[in-house]
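Encoded as structure tokens, the structure appears first; notes follow it.
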Amino acid sequence: MEFIRSRIETQLMSLTGLSLGQLDLENPKGDPGLFGPDSVSWQVHGDFSSMLIGGISALMLQALHPLALAGVWDHSNFRQDMLGRLRRTSQFISGTTFGSRKDAEWLIEKVRTIHLQVVGHAPDGRPYAASDPELLTWVHVAEVSNFLAAHLRYRNPQLSGRDQDRYYSEIALVAERLGARQVPRSRQEVSDYLARVRPQLLCDERSREVLRLLLNAPAPSHLAKPFGALMMQAGIDLLPDWASAMLEHHQSPLQRQMIRAGVKRSAPLLRWAMRNGSVQRAHRRMGLM
Numbered sequence: 021m022e023f024i025r026s027r028i029e030t031q032l033m034s035l036t037g038l039s040l041g042q043l044d045l046e047n048p049k050g051d052p053g054l055f056g057p058d059s060v061s062w063q064v065h066g067d068f069s070s071m072l073i074g075g076i077s078a079l080m081l082q083a084l085h086p087l088a089l090a091g092v093w094d095h096s097n098f099r100q101d102m103l104g105r106l107r108r109t110s111q112f113i114s115g116t117t118f119g120s121r122k123d124a125e126w127l128i129e130k131v132r133t134i135h136l137q138v139v140g141h142a143p144d145g146r147p148y149a150a151s152d153p154e155l156l157t158w159v160h161v162a163e164v165s166n167f168l169a170a171h172l173r174y175r176n177p178q179l180s181g182r183d184q185d186r187y188y189s190e191i192a193l194v195a196e197r198l199g200a201r202q203v204p205r206s207r208q209e210v211s212d213y214l215a216r217v218r219p220q221l222l223c224d225e226r227s228r229e230v231l232r233l234l235l236n237a238p239a240p241s242h243l244a245k246p247f248g249a250l251m252m253q254a255g256i257d258l259l260p261d262w263a264s265a266m267l268e269h270h271q272s273p274l275q276r277q278m279i280r281a282g283v284k285r286s287a288p289l290l291r292w293a294m295r296n297g298s299v300q301r302a303h304r305r306m307g308l309m
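Under my numbering, think of the first position of the sequence shown as 21, with each following residue one higher.
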């Protein structure tokens, strides 16, 4: 049993930013970082399965914004290294959520510096810049709205409305440090924001290519392949209906029922296996484990 547990954990860890080996989330002792263990952000970001599903859904949603997608398309090697992009994104999220204040600030400054180099023109001729406050807000909202949606569906459906709003208010700090402006801080503000942005969204050949690459992304092993396929379908299921319709990827009610049942069966196994994830290391740093 111990061998199975370690084998599963090793495979899960290979998908995370911790596998890059650049962060020590267990030190310095007692440093609460940007949020601390009493934050809702630690709750929402602490579950591997829901965060993976939310992250997949966020990537699909982000691909509908032509300017945001153009920056990634022109300046990222995600088409050749999808797993590497997943790890780097995971490192940023886990480090800014669970890392020490110094590590969180290092990651934010690192990304701000990279963003300054990401400039160009979209296929329709419009200029883009990754440091554009409006694009930063879009990327942030696409991520955190899906993280919270996945948490509510697969981890804690009982999270109160007040705590959901508190999550948005807390996590806005990271977006603002990156340079975003007018960041939504509640469920209502997020809903209003998405309604305002929808007319700017577009599903084109690039958007469909991102979806195709995600659905065909290689798993870390043959054993993990069925799990990876399930997570991808769960990510599509998590999308707002209008977004999945734009991406022309439809799931029947029976398919959705089977996907959700599959995730709910597998998630407890993953939670049992994960003993050295970001949240566990951060709890040890705070003397809570």
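Idealized CB from N, CA, C, for every residue including glycine.
Item to check | Opposing strand residues paired with Pro147 [DSSP bridges] | outcome: Your numbering for residue 147 matches position 127 in the sequence shown. Looking at the DSSP assignment, Pro147 forms a beta bridge with His141.
Next on the checklist: Tell me the DSSP secondary structure of Val203 in three-state form.
Outcome noted: Walking along the sequence shown from the start, residue 203 turns up at place 183. In the structure shown, the three-state DSSP call for Val203 is coil.
Next on the checklist: Please give the ranges of any beta strand (DSSP E) in the segment 49-74, keeping only runs that are unbroken, at least 3 residues long and fully inside the region.
Outcome noted: Complete beta strand (DSSP E) runs here, min 3: none at all.
Checklist entry - Between the segment 21-28 and the segment 96-105, do at least 3 Cβ pairs fall closer than 8 Å? => result Because the criterion of three Cβ pairs below 8 Å is not met, the segment 21-28 and the segment 96-105 do not touch.
Next on the checklist: Output needed for Leu168: all residues of its chain with C-beta closer than 7 Å, excluding positions within five of it in sequence on either side, in chain order.
Outcome noted: Mapped onto the sequence shown, residue 168 falls at position 148. If we look at Leu168 and ignore the five residues flanking it on each side, its Cβ neighbours are Val64, Gln184, Tyr187.
Checklist entry - Just checking my contact of Met80 with Ile256 at CB under 8 Å: how many whole Å lie between their CB atoms? => result Along the sequence shown, read from residue 1 onward, the residue named residue 80 stands at position 60. Along the sequence shown, read from residue 1 onward, the residue named residue 256 stands at position 236. That pair is a contact at about 7 Å.
Next on the checklist: Given a cut-off of 7 Å on the beta-carbon distance, is the pair Gly91 and Ala150 in contact?
Outcome noted: Walking along the sequence shown from the start, residue 91 turns up at place 71. Walking along the sequence shown from the start, residue 150 turns up at place 130. Going by beta carbons, Gly91 and Ala150 fall inside the 7 Å limit.
Item to check | Which of helix, strand or coil DSSP assigns to Thr36 | outcome: Here residue 36 corresponds to residue number 16 of the sequence shown, with the count starting at 1. Coil at Thr36, not helix or strand.
Item to check | Stretch-stretch touch, CB-based, cutoff 8 Å, three pairs: the segment 112-123 with the segment 253-271 | outcome: A contact is defined here as three or more CB-CB pairs under 8 Å, and the segment 112-123 fails this definition with respect to the segment 253-271.
Checklist entry - Roughly how far, in whole angstroms, is the beta-carbon of Thr157 from the beta-carbon of Val203, given that I think they are within contact range, below 8 Å? => result Against the sequence shown, residue 157 aligns to sequence position 137. Against the sequence shown, residue 203 aligns to sequence position 183. With 8 Å as the limit, Thr157 and Val203 qualify as a contact, their Cβ atoms being about 6 Å apart.
Checklist entry - Which whole-angstrom value describes the C-beta separation of Arg201 and Pro153, a residue pair presumed to lie in contact below a C-beta threshold of 8 Å? => result As a working mapping, residue 201 is identified with position 181 in the sequence shown. As a working mapping, residue 153 is identified with position 133 in the sequence shown. Rounded to whole angstroms, the Cβ separation of Arg201 and Pro153 is 4 Å, and the two are in contact under 8 Å.
Item to check | Cβ neighbour criterion (16 or more within 10 Å) applied to Trp292 | outcome: Along the sequence shown, read from residue 1 onward, the residue named residue 292 stands at position 272. Per the 10 Å Cβ criterion, exposed.
Item to check | Residue from Met306, Thr109, Leu89 whose Cα sits closest to the Cα of Ala142 | outcome: As a working note, residue 142 is residue 122 in the sequence shown. The shortest C-alpha to C-alpha distance from Ala142 to any of Met306, Thr109, Leu89 is the one to Leu89.
Checklist entry - Closest by CA to Leu106, which one among Ser241, Thr30, Ala237, Ala302? => result The residue given as residue 106 occupies position 86 in the sequence shown. Distances from the CA of Leu106 to each of Ser241, Thr30, Ala237, Ala302 were compared; the closest alpha carbon is that of Ala237.
Checklist entry - Does DSSP put Asn166 in a helix, a strand or coil? => result For the purposes of this step, residue 166 is taken as the residue at position 146 of the sequence shown. Looking at Asn166 - three-state DSSP - the assignment turns out to be helix.
Next on the checklist: Between Leu258 and Ile128, how many whole angstroms is the CB-CB distance? I'm expecting something under 8 Å.
Outcome noted: Walking along the sequence shown from the start, residue 258 turns up at place 238. Walking along the sequence shown from the start, residue 128 turns up at place 108. No, Leu258 and Ile128 are not in contact; Cβ-Cβ is about 27 Å, not under 8 Å.
Checklist entry - Nearest to Pro48 by CA position, among Ser206, Ala124, Arg27, Leu35, is which residue? => result The residue labelled residue 48 in the question sits at position 28 within the sequence shown. Ranking the options by Cα distance to Pro48, first place goes to Ala124.
Checklist entry - Which of helix, strand or coil does DSSP assign to Ala287? => result Locating residue 287 in the sequence shown gives position 267, counting from the first residue. It is helical.
Next on the checklist: If the criterion is Cβ atoms closer than 7 Å, does the pair Ala302 and Leu54 meet it?
Outcome noted: Looking up residue 302 in the sequence shown gives position 282. Looking up residue 54 in the sequence shown gives position 34. Cβ distance not < 7 Å, so Ala302 and Leu54 don't count as in contact.
Checklist entry - Quick one: does Met21 have its CB under 7 Å from some CB of chain D? => result Protein chains in the displayed structure number just one, and chain D is not present.
Next on the checklist: Is it buried or exposed, Thr133, if we count other Cβ atoms within 10 angstroms and call 16 or more buried?
Outcome noted: Residue numbering aside, residue 133 sits at position 113 when the sequence shown is read from its first letter. That one is exposed.
Checklist entry - What does a CB cutoff of less than 6 Å around Pro288 pick up in its chain, not counting 5 residues either side in sequence? => result By one-based count along the sequence shown, residue 288 stands at place 268. Around Pro288: no qualifying Cβ.
Checklist entry - Under the rule that 16 or more other beta-carbon atoms within 10 Å means buried, what is Ser272, buried or exposed? => result Against the sequence shown, residue 272 aligns to sequence position 252. With fewer than 16 other Cβ atoms inside 10 Å of its own Cβ, Ser272 counts as exposed.
Checklist entry - What did DSSP end up calling Asp94 once you bin it into helix, strand or coil? => result Your numbering for residue 94 matches position 74 in the sequence shown. In the structure shown, Asp94 sits in a helix (DSSP, three-state: H, G or I).
Checklist entry - Cα-Cα, which of Pro86, Gln137, Ala192 is closest to Gly145? => result Counting from one through the sequence shown, the residue named residue 145 turns up at place 125. Ranking Pro86, Gln137, Ala192 by Cα distance to Gly145 puts Pro86 first.
Checklist entry - DSSP on Ala239, reduced to helix/strand/coil? => result In the sequence shown, counting from the first residue as 1, residue 239 sits at position 219. The DSSP-derived three-state label of Ala239 is coil.
Checklist entry - Leaving out five residues before and five after Arg175 in sequence, what residues of the same chain have Cβ atoms less than 7 Å from its Cβ? => result On the sequence shown, residue 175 is found 155 positions in, with the first residue counted as 1. Excluding sequence neighbours, Arg175 sits near Asp67, Ser70.
Checklist entry - Can the beta-carbon of Ala78 be found closer than 7 Å to that of Val230? => result As a working note, residue 78 is residue 58 in the sequence shown. As a working note, residue 230 is residue 210 in the sequence shown. Contact check for Ala78 against Val230 fails: the beta carbons are separated by 7 Å or more.
Item to check | Met294 burial status per 10 Å Cβ neighbour count (16 or more: buried) | outcome: Position 274 of the sequence shown holds residue 294. Per the 10 Å Cβ criterion, buried.
Next on the checklist: Rounded to the nearest angstrom, what separates Ser96 and Gln111 at their Cα positions?
Outcome noted: Working through the sequence shown from its first residue, we reach residue 96 at position 76. Working through the sequence shown from its first residue, we reach residue 111 at position 91. About 16 Å.
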